[in-house]
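Below is one structure, written out as structure tokens; the observations come after it.
Residue numbers (the numbering used here): -2 to 275.
In structure tokens, the structure reads:
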């Protein structure tokens, strides 16, 4: 857990240093952010802990809790490379990445309570449903985020399926239900998914943004119409399964046409960019 999370933290420090024009510091932190690659074990084809000498620790299968993971197992923690998703895809191979990601959700119990697969009650998994957008399967992000919103939340005793943890469980729902969610805080993009609500408006603070309001409209939205058929941004065709912070704070309307079956032709993945281009 710590190696993966420190790698992301180093990437964030690199971003901060870059914003301060400290190129040498930025380069060093970006170099350190690649430490996650040291945990990829070709033998077991997954992230695997090392001991203090650098040797691999005992492998008990990726669904066994512990093994260097905090409140999780290697299957859950191994997806945590938010700052370099495409680097993780390269390590795994795209086909294997899609295969494992699909199985991760297919094996999850319907109530989404504590389990060895997609474990929504705890934070290590909270970005994982949005990873389908990176590998050309955005309809699976749409399917699973809507399913999680429906089955992992409610108004009864189990309204939150896990500890609220300073608002994270609710924050995940609010963002996913709007149809926008970041995978990598510190980056400048939101992944687009299937909104729960037919219309959501975000009032932008005029002290910081001149855009006024950003609205997400889901036309023909219904429990069974959970797949995005097409999209428009401010009236113009929009083919991306992601949107930038700059586009959101400029104000306007993202209009999504919903339907009952996936449109596998809609939703281009985020660009693969080097750190200096972000």
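Ideal placement from N, C-alpha and C gives every residue a C-beta, glycine not left out.
Asked: What is the rounded straight-line gap between the Cα of residue 92 and the Cα of residue 205?; Found: 42 Å
Asked: Cutting at 6 Å between CB atoms, please list the residues of its own chain near residue 172, excluding the five before and the five after it.; Found: 178
Asked: Suppose contacts are defined by Cβ-Cβ distances below 8 Å. Is residue 215 in contact with residue 198 by that definition?; Found: no
Asked: Rounded to the nearest angstrom, what separates residue 164 and residue 116 at their Cα positions?; Found: 17 Å
Asked: Could you round the C-beta distance between residue 190 and residue 144 to whole angstroms and report it? I think they count as a contact, below 8 Å.; Found: Not quite, the Cβ-Cβ distance comes to about 11 Å (not below 8 Å), so this is no contact.
Asked: To the nearest angstrom, how far is the alpha carbon of residue 135 from that of residue 127?; Found: 8 Å
Asked: If you draw a straight line from the C-alpha of residue 122 to the C-alpha of residue 203, how long is it?; Found: 34 Å
Asked: Going by the DSSP bridge assignment, what does residue 27 pair with across the sheet?; Found: None; residue 27 has no bridge partner.
Asked: In the stretch 198 to 248, which residue ranges form an unbroken alpha helix (DSSP H) of at least 4 residues, counting only runs that do not cross its ends?; Found: 242 to 246
Asked: Is the beta carbon of residue 264 closer than 8 Å to that of residue 224?; Found: no
Asked: Given this structure, state the Cα-to-Cα distance separating residue 160 from residue 112, to the nearest angstrom.; Found: 15 Å
Asked: In this structure, does DSSP put residue 7 in helix, strand or coil?; Found: helix
Asked: Since I believe residue 132 is in contact with residue 95 (beta carbons under 8 Å), could you give me their beta-carbon distance rounded to a whole number of angstroms?; Found: 5 Å
Asked: Once you ignore the five residues that flank residue 248 on each side, which residues in its own chain have a CB closer than 7 Å to its CB?; Found: 201, 208, 209, 210, 211
Asked: Within its chain, find whatever has a CB closer than 7 Å to the CB of residue 238; leave out the 5 residues flanking it on each side and keep chain order.; Found: 130, 135, 188, 189, 264, 265, 266
Asked: Ignoring anything shorter than 4 residues or poking outside the stretch 12 to 74, list the alpha helix (DSSP H) runs there in chain order.; Found: 20 to 29, 71 to 74
Asked: Give the range of the beta strand (DSSP E) segment to which residue 128 is assigned.; Found: Segment: none, residue 128 is in no beta strand (DSSP E) and carries neither H nor E.
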